[in-house]
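>
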Amino acid sequence: MKSFVFTLIIVWPLLFPKNLMGFPEDKLELAADPTIDLLVGNNLKEILISGVDLQREIFANTGISNVIKNGNEKKNNREIRFRCNYNYKQREKLLTQVLAKVTSPTGVLNFSKEKYKGDFLILGPNKQGHCDLVNQVSLEKYVSVVLPKEMNARWPIEALKAQAVAGRSYALYLMLARRGLLKQGKSVLFDLENSEKHQVSGTLFDETAKTSLSAKSTAGEVLVAEDGQKMQQIFFHARCGGKTSLPEDVWGNRVPGYQSVLCPACYNSENIDWSVIISREEIWAFIRDNHKKWKKGGETLSQRMKLSLYPSEIDANDVGFVLQDKKTFATEIVYFKKAAFRRYFGREKIVSNRFVVKAQDGLSSFKLEGKGNGHGVGMCQMGALELAKRGWDYVKILQYYFPQYKIAKNYGGMTL
Ligand SMILES: [Zn+2]
Numbered sequence: 053m054k055s056f057v058f059t060l061i062i063v064w065p066l067l068f069p070k071n072l073m074g075f076p077e078d079k080l081e082l083a084a085d086p087t088i089d090l091l092v093g094n095n096l097k098e099i100l101i102s103g104v105d106l107q108r109e110i111f112a113n114t115g116i117s118n119v120i121k122n123g124n125e126k127k128n129n130r131e132i133r134f135r136c137n138y139n140y141k142q143r144e145k146l147l148t149q150v151l152a153k154v155t156s157p158t159g160v161l162n163f164s165k166e167k168y169k170g171d172f173l174i175l176g177p178n179k180q181g182h183c184d185l186v187n188q189v190s191l192e193k194y195v196s197v198v199l200p201k202e203m204n205a206r207w208p209i210e211a212l213k214a215q216a217v218a219g220r221s222y223a224l225y226l227m228l229a230r231r232g233l234l235k236q237g238k239s240v241l242f243d244l245e246n247s248e249k250h251q252v253s254g255t256l257f258d259e260t261a262k263t264s265l266s267a268k269s270t271a272g273e274v275l276v277a278e279d280g281q282k283m284q285q286i287f288f289h290a291r292c293g294g295k296t297s298l299p300e301d302v303w304g305n306r307v308p309g310y311q312s313v314l315c316p317a318c319y320n321s322e323n324i325d326w327s328v329i330i331s332r333e334e335i336w337a338f339i340r341d342n343h344k345k346w347k348k349g350g351e352t353l354s355q356r357m358k359l360s361l362y363p364s365e366i367d368a369n370d371v372g373f374v375l376q377d378k379k380t381f382a383t384e385i386v387y388f389k390k391a392a393f394r395r396y397f398g399r400e401k402i403v404s405n406r407f408v409v410k411a412q413d414g415l416s417s418f419k420l421e422g423k424g425n426g427h428g429v430g431m432c433q434m435g436a437l438e439l440a441k442r443g444w445d446y447v448k449i450l451q452y453y454f455p456q457y458k459i460a461k462n463y464g465g466m467t468l
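Residue numbers (this note's numbering): 53 to 468.
1. I'd like to know whether the C-beta atoms of GLY103 and SER156 end up nearer to each other than 8 Å.
2. Please list, in chain order, all residues of the same chain as GLY464 whose beta carbon is under 7 Å from its beta carbon, the five residues on each side excluded.
3. Does ligand 1 have even one heavy atom less than 7 Å from the beta-carbon of ARG291?
4. Roughly how many whole angstroms lie between the Cα atoms of ALA392 and SER364?
5. Would the beta-carbon of GLY426 be found less than 7 Å away from any heavy atom of ligand 1?
6. Report the partner residues of CYS432 according to the DSSP bridge assignment.
7. Let me check you understand the geometry: is the CB of MET203 closer than 7 Å to at least one non-hydrogen atom of ligand 1?
8. Using the beta-carbon count (16 or more within 10 Å), is PRO86 buried or exposed?
9. Given the structure, does GLY435 come close to ligand 1, in the sense that its CB is under 7 Å from one of the ligand's heavy atoms?
10. Taking 6 Å as the limit between beta carbons, can you name the residues of its chain near PRO455, skipping five residues before and five after?
11. Return the bridge partner residues of ARG108 from the DSSP annotation.
12. Can you tell me the Cα-Cα spacing of LEU151 and LYS141, whole angstroms?
13. Here's a check: name, in chain order, each residue in its chain whose Cβ is nearer than 7 Å to the Cβ of ARG230, leaving out the five neighbours to either side.
14. If you reduce the DSSP assignment to three classes, tell me which class ASP301 lands in.
15. May I ask you to report which of helix, strand or coil DSSP gives LYS358?
16. Cβ of GLY293 within 8 Å of Cβ of LYS169?
17. Taking 7 Å as the cut-off, does the CB of ALA211 come closer than this to any heavy atom belonging to ligand 1?
18. Kindly examine ligand 1 and report whether one of its heavy atoms sits closer than 7 Å to the Cβ of TYR319.
19. Indicate the three-state DSSP secondary structure (helix, strand or coil) for ASN162 in the structure shown.
20. Considering VAL403, what are the terminal residues of the beta strand (DSSP E) in which it resides?
21. Report yes if the C-beta of CYS432 is less than 7 Å from at least one heavy atom of ligand 1; otherwise report no.
22. Can you tell which of LYS389, PHE163, ALA290, LYS235 has its C-alpha closest to the C-alpha of PHE338?
23. Tell me where the alpha helix (DSSP H) around ARG220 begins and ends.
24. Could you compute how far the alpha carbon of ASN204 sits from the alpha carbon of MET434?
25. Taking all protein chains shown into account, decide if SER196 is buried (16 or more other Cβ within 10 angstroms of its Cβ) or exposed.
26. Along the alpha helix (DSSP H) that carries ILE192, what are the first and last residues, could you check?
27. Which of helix, strand or coil does DSSP assign to TYR457?
28. Reducing DSSP to helix, strand and coil, say where ASP89 ends up.
29. Take MET73 and list the residues in its own chain whose beta-carbon comes closer than 6 Å to its own, dropping the five residues that flank it on each side.
30. From what residue to what residue does the alpha helix (DSSP H) around THR263 run?
31. Whole beta strand (DSSP E) runs in the segment 360-393 with 3 or more residues, listed along the chain?
32. Which residues mark the beginning and the end of the beta strand (DSSP E) in which PHE418 is found?
33. Taking C-alpha atoms, which residue in LYS213, GLU400, LEU147 lies nearest to ALA267?
34. Enumerate in chain order the residues of its own chain whose CB-to-CB distance from TRP64 is below 6 Å, with the five nearest sequence positions on each side excluded.
35. Taking the straight line between their C-alpha atoms, what separation do you get for LEU298 and GLU144?
36. Which of the three DSSP states, helix, strand or coil, is assigned to ILE324?
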């Protein structure tokens, strides 16, 4: 099987206030196919949109319209150019808002060499005095377009359907979270960022008949907590490496209903998937920056203390180091979440949260040997592939990774 684009997921919804973690407290109204707002470009001095028969609507008045210049409008409105340069005074005075909307009767728009379905909203001014660009598209279209970016479009259809439901649940949660924030009077102008921070989004070119079918045949289906119809954040990742992780072990916040499950499907050898060597100096810096006690005055930590490694295990969530005061011989074991290593050293170096640490060359460096790829929370995509190959359908696959969730139709009953 060819390699596939693995998805990098996000932490920011977990930073929301706790009361936003479950929906609905009171029922939120959703259209049959709700619209999602995706941030597709940010901090743009100029936005050039092309298409056929472009229609433009300008919303912002006082102080805003004068900074939008529409130039180069050719025949049949094939191009609209927005220039977004606000001066300091305007920037101070104005809140970011929707300045304009661009639509085309064809339903297809071009921006920066990519084709998009739906409409574009131009937001401004941002903090830097420029504009942001939002693609407004139906949730179902989004699910079908994003699917080939999240999972290999040639994979079995039941795996793709499982991903469609997980991806839709993920996006819907963020849409509901935004509505919650709007209700609190906060200004949030999009649901999802089209970047690694959120799901990696696709454009029209990525959609295939199979991904489109996977989205259509599961339309409106989302994962909800078994006890009533509550939406929670639904996560997925490339490959867990034998066992899935809990949100609290990775991000520190508990998400109700998550369970760590064994995943023999993606774990077919004793081989390690990745390894990296981290120097003793880097480990000292890590300890200093991640341990509250030594955040201040930690520069001398390595001179005061003797460092050794506490035996490390693949299934443990923490890594321990033994520190001994060179003068007093007082000894302490300090533990750090494996996820803290990944945050500190980066996702490219520390590929997953499932690894062991081995001391090398008399503790002059440390070798991390890991299994899996991604944060490990929720559905394991490589596991889903293997299960689909064994004939499991998408319902069974999702139930395996989310045993305390069920699939609800019509966006969890939140349809009008
Ligand atoms: Zn797995």
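Every residue, glycine too, gets a C-beta built ideally from N, C-alpha and C. As the structure is a computational prediction, the values presented were derived from the model and not from experiment.
Working from what's here:
1. yes
2. VAL274, VAL276, GLN281, MET283
3. yes
4. 15 Å
5. no
6. HIS289
7. no
8. buried
9. yes
10. GLN311
11. VAL154
12. 18 Å
13. VAL240, ASP243
14. helix
15. strand
16. no
17. no
18. yes
19. strand
20. No beta strand (DSSP E) holds VAL403; DSSP gives it neither H nor E.
21. yes
22. LYS389
23. 209-235
24. 10 Å
25. buried
26. According to the sequence displayed, residue 192 carries Glu and not Ile. 191-202 is the span of the alpha helix (DSSP H), which, as asked, contains GLU192.
27. strand
28. strand
29. Only weak support exists for where MET73 lies, its pLDDT of 44 falling under 50; the coordinates are left without a value.
30. 261-268
31. 370-377, 383-389
32. 417-423
33. LYS213
34. With a pLDDT of 37 at TRP64, under the threshold of 50, the modelled position of this residue cannot be trusted; read the value that follows with caution. Same-chain partners within the cutoff: there are none.
35. 42 Å
36. coil
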